[in-house]
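Okay, so here's the structure we're looking at.
Numbering (my numbering), first residue to last: 10 to 190.
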């Protein structure tokens, strides 16, 4: 009698195990099918001609911009030699790269200072200059001069948002501090 009860319990356990195996197989099959459909839809969207064209355009634009540097805050005069002004700023940073092209951006307005865009021979030189740009803040006459990489409109918007979030976060932290008496 005990032997029979054990056999029934084992059989019931085996049946339960078979049911669980079938359920797992069905779940795996459903998930794989779901994953395959998502991949198929995503690939079709990503490989659409308009998306490929947009990606190529973005890569080409980044490649063109990686050798450019933008300088903000340099006063504008009527008889200015931009290359000399840029060279002076770079000399303050102890850099003397070969400048290929130099121009002001935007339309001339009476009360606005237009940024200067200049092109260098290599992207490595641009990175070196950007790393040293903080030096200008400690030099008299250059405290309001800022050097930035040449960014697209979208990149500038993202950078501006991240800068605002960082500023907001720092003010939240400052207001959360409790002064010690």
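We put the CB at the ideal spot given by N, CA and C, even for glycine.
Original post:
Residues in its own chain within less than 7 Å of residue 30 by CB, not counting five upstream and five downstream?
Top reply: The residue given as residue 30 occupies position 21 in the chain shown. Excluding residues within five positions, none has a Cβ falling inside 7 Å.
Original post:
Less than 9 Å separating the beta-carbons of residue 154 and residue 145?
Top reply: Position 145 of the chain shown, counted from the first residue, corresponds to residue 154. Position 136 of the chain shown, counted from the first residue, corresponds to residue 145. Contact: yes.
**OP:** Using three-state DSSP, classify residue 43 as helix, strand or coil.
**Re:** Position 34 of the chain shown, counted from the first residue, corresponds to residue 43. The answer is helix: DSSP assigns residue 43 an H, G or I state.
Original post:
With a Cβ-Cβ cutoff of 9 Å, do residue 96 and residue 79 count as a contact?
Top reply: Locating residue 96 in the chain shown gives position 87, where the first residue counts as 1. Locating residue 79 in the chain shown gives position 70, where the first residue counts as 1. No, these two residues do not count as a Cβ contact at 9 Å.
Original post:
Quick one: what's residue 113 bridged to in DSSP?
Top reply: The residue you call residue 113 lines up with position 104 of the chain shown. Beta-bridge pairing links residue 113 to 125.
Subject >> residue 83 in three-state terms, based on DSSP >> reply: Counted from its first residue, the chain shown places residue 83 at position 74. Three-state DSSP puts residue 83 in coil, outside helix and strand.
Original post:
Is residue 76 helix, strand or coil when you go by DSSP?
Top reply: Here residue 76 corresponds to residue number 67 of the chain shown, with the count starting at 1. Residue 76 falls in the coil class under three-state DSSP.
Original post:
In terms of residues, what are the limits of the alpha helix (DSSP H) holding residue 134?
Top reply: For the purposes of this step, residue 134 is identified with residue 125 of the chain shown, where counting begins at 1. Residue 134 -> alpha helix (DSSP H) spans 132 to 141.
Original post:
Is the distance from the Cβ of residue 102 to the Cβ of residue 125 below 9 Å?
Top reply: Mapped onto the chain shown, residue 102 falls at position 93. Mapped onto the chain shown, residue 125 falls at position 116. The answer is no: Cβ separation not under 9 Å.
Original post:
Is it true that the segment 69 to 78 meets the segment 157 to 165, where meeting means three or more beta-carbon pairs spaced less than 8 Å apart?
Top reply: yes
Original post:
If you follow the beta strand (DSSP E) that residue 158 is part of, which residue opens it and which one closes it?
Top reply: Within the chain shown, the letter at position 149 stands for residue 158. Residues 155 to 158.
Original post:
Which partner residues does residue 108 have in the DSSP bridge list?
Top reply: Here the question's residue 108 lines up with position 99 in the chain shown. Paired residue(s): 129.
Original post:
If you check the beta carbons only, do residue 122 and residue 151 fall under 9 Å apart?
Top reply: If you number the chain shown from 1, residue 122 lands on position 113. If you number the chain shown from 1, residue 151 lands on position 142. Contact flag unset, no.
Original post:
Three-state secondary structure (DSSP) at residue 120?
Top reply: Here residue 120 refers to the residue found at position 111 when the chain shown is read from its first residue. Correct three-state label for residue 120: coil.
Subject >> Where residue 28 falls, given that 16 or more other Cβ within 10 Å makes a residue buried >> reply: Taking the first residue of the chain shown as 1, we reach residue 28 at position 19. Exposed, since its Cβ has fewer than 16 Cβ neighbours within 10 Å.
**OP:** With distances taken Cα to Cα, identify the nearest neighbour of residue 129 among 65, 180 and 92.
**Re:** Here residue 129 is taken as the residue at index 120 of the chain shown, counted from 1. Minimum Cα distance to residue 129 is reached at 92.
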